[in-house]
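For reference, the structure is listed below as C-alpha cells.
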Amino acid sequence: MVFEFLKKKLQSLTSDAVSAPEPRPGAAADYEERRARAEALHEKGETAEAVALLEGLAADLAGEGSFPLAVAVRHQLSSWGAGPPATQTAARDAEEMARKREETGVVRARQTGKASAAIPEGLERSRFFAEMTKEEIAGFIASTVRRTFREGEIVLEQGKTGRDLYIVTRGVLRVEAAVGEGRKLRMGVLMAGDVFGEVAFLTGRPRTATVLAETAAECLEIGGEAWDGVLAGLPRVRQVLEEVHQERARFAADVIVEELRRKREKGREG
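Heads up: the sequence shown begins at 416 in our numbering, then just goes up one per residue.
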C-alpha cells in the first residue's frame, strides 16, 4: 500500500538520529482519550480544567517530537479563546516546544512506565517534522490552520484546483478516484500523521483524487503560498513529498490497470 511506503520512507530519514522504542499498546487511544476528555470538560463549562489538560498534552507531544499533533492542540486552545491566535504566539510556542523536546533527550518519549501522551503509530508517517528547529516550528505553526470535517464531508475534490497540503491529526479519511462512467475506485485510507494533497502542492495541477471524511476528522491545512518559505528551509520535506508523489502516481496507475483488466474479464464472462 502506498501509505506504507510513506511510513517506511519517513522512518528511514530519522533512523540514524532517533532510537525509538516499539510503540506502546493503546498509544492512539491515550492521545484521543485526553483530547476527548478536555473537549467534554469544555462543553460542561469547566474551561480552566480543559485548558490545563490540553496544555499538558501539547507539552508532552512536543517532548516526543510530535509537532503536527502538538500544533493541532495549540490551534484548538486558540479556538476556545484560551489565548491569542496561534499565529501571534508562534515564536514563543515554538521555543517552548523545542525546549520540551530537548528536555526529553529523545524524539520519542522513553518507556518510563508512567502515564504520558504517546505518539499514535501513524505519526511515524510525518516523522520528518520531529527534527525541525525552533524557527522552522514557528513557521510551521504560523502557516497552518486547524480544520475539522464531519463524517462524509469532502475535503478535496478530484479535478479542482488548490495548493493546500494537509496532515491528518484525528479521524479517518477515504481516498477515491473517478474512472469514468460514474465509477469510483477506492484508493485507500488516511489516518493520523498521513500527508495528502502533495500533488497539487508540488505541481500546481488539479487534484488527482477525492478525499472525504470517513469519520469525523481533523487536519492541519498548510497553504501553498504561506508555506513556501518554510518548505525552502526543509529540503527533507520536499524530497519526501516528491517521492510520495511519484509512488502514488505509480500506485494509481496500477489500480486503474487492474480495474480495466477486471472489466475486460467481466465482459468476456457476459
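The beta-carbon is built from N, C-alpha and C at its ideal position, and this holds for glycine as well.
Query, Result
"Quick one, which of Ala607, Ala453, Asp445, Leu627 has its alpha-carbon nearest phenylalanine 482's?", "Ala607"
"So, are the CB atoms of alanine 477 and arginine 450 less than 7 Å apart?", "no"
"Counting along the chain, where does the alpha helix (DSSP H) carrying threonine 576 start and finish?", "Segment: none, threonine 576 is in no alpha helix (DSSP H) and carries neither H nor E."
"Determine contact between the stretch 546-554 and the stretch 572-584, defined as no fewer than three beta-carbon pairs at a distance below 8 Å.", "no"
"If I measure Cβ to Cβ from glutamate 437 and keep anything under 8 Å in the same chain, skipping five residues before and after, which residues do I get?", "Its pLDDT being 40, under 50, glutamate 437 is placed unreliably by the model, and the measurement read from it follows with that caveat. The answer is none, since no qualifying residue turns up."
"So is alanine 530 buried or exposed if we call it buried at 16+ other beta carbons inside 10 Å?", "Only weak support exists for where alanine 530 lies, its pLDDT of 35 falling under 50; the value from the coordinates is given anyway. Alanine 530 should be labelled exposed."
"Taking arginine 622 as the reference, which of Leu468, Thr576, Lys459 has the closest Cα?", "Thr576"
"Taking only three categories from DSSP, how would you classify glutamate 470?", "helix"
"From the DSSP secondary-structure annotation, give me the bridge partner or partners of lysine 549.", "According to DSSP, lysine 549 bridges with nothing at all."
"Judging by CA-CA distance, which residue of Thr630, Glu636, Ala593, Leu571 is the nearest neighbour of alanine 557?", "Glu636"
"Provide the residue span of the beta strand (DSSP E) that contains phenylalanine 616, from first to last.", "No beta strand (DSSP E) holds phenylalanine 616; the alpha helix (DSSP H) holding it covers 613-618."
"When you compare each of Gly480, Glu448, Glu566 to leucine 468 by their alpha carbons, which one comes out closest?", "Glu448"
"For glutamate 479, name the three-state secondary structure that DSSP assigns.", "coil"
"Report buried or exposed for arginine 585, applying the criterion of at least 16 other Cβ atoms within 10 angstroms of its Cβ.", "buried"
"To the nearest angstrom, report how far apart alanine 497 and glutamate 566 are at their CA atoms.", "27 Å"
"Nearest-angstrom Cα distance between alanine 485 and glycine 595?", "41 Å"
"Mark glutamate 613 as exposed unless 16 or more other C-beta atoms lie within 10 angstroms of its C-beta, in which case mark it buried.", "buried"
"For alanine 631, which three-state DSSP category applies?", "coil"
"Which residues in the same chain as alanine 628 place their Cβ atom closer than 7 Å to its Cβ, once the five residues preceding and following it in sequence are excluded?", "Phe564, Arg565, Glu566, Gly567, Glu568, Val570, Gly586, Leu588"
"Quick check on this structure: which residue in Arg601, Leu600, Asp643, Glu633 has the alpha carbon closest to the alpha carbon of threonine 618?", "Asp643"
"Since arginine 561 is in the beta strand (DSSP E), which residue starts that stretch and which ends it?", "559-564"
"How far does the alpha helix (DSSP H) with arginine 452 in it extend, from its first residue to its last?", "442-458"
"Here's a check: name, in chain order, each residue in its chain whose Cβ is nearer than 6 Å to the Cβ of glycine 574, leaving out the five neighbours to either side.", "Pro621"
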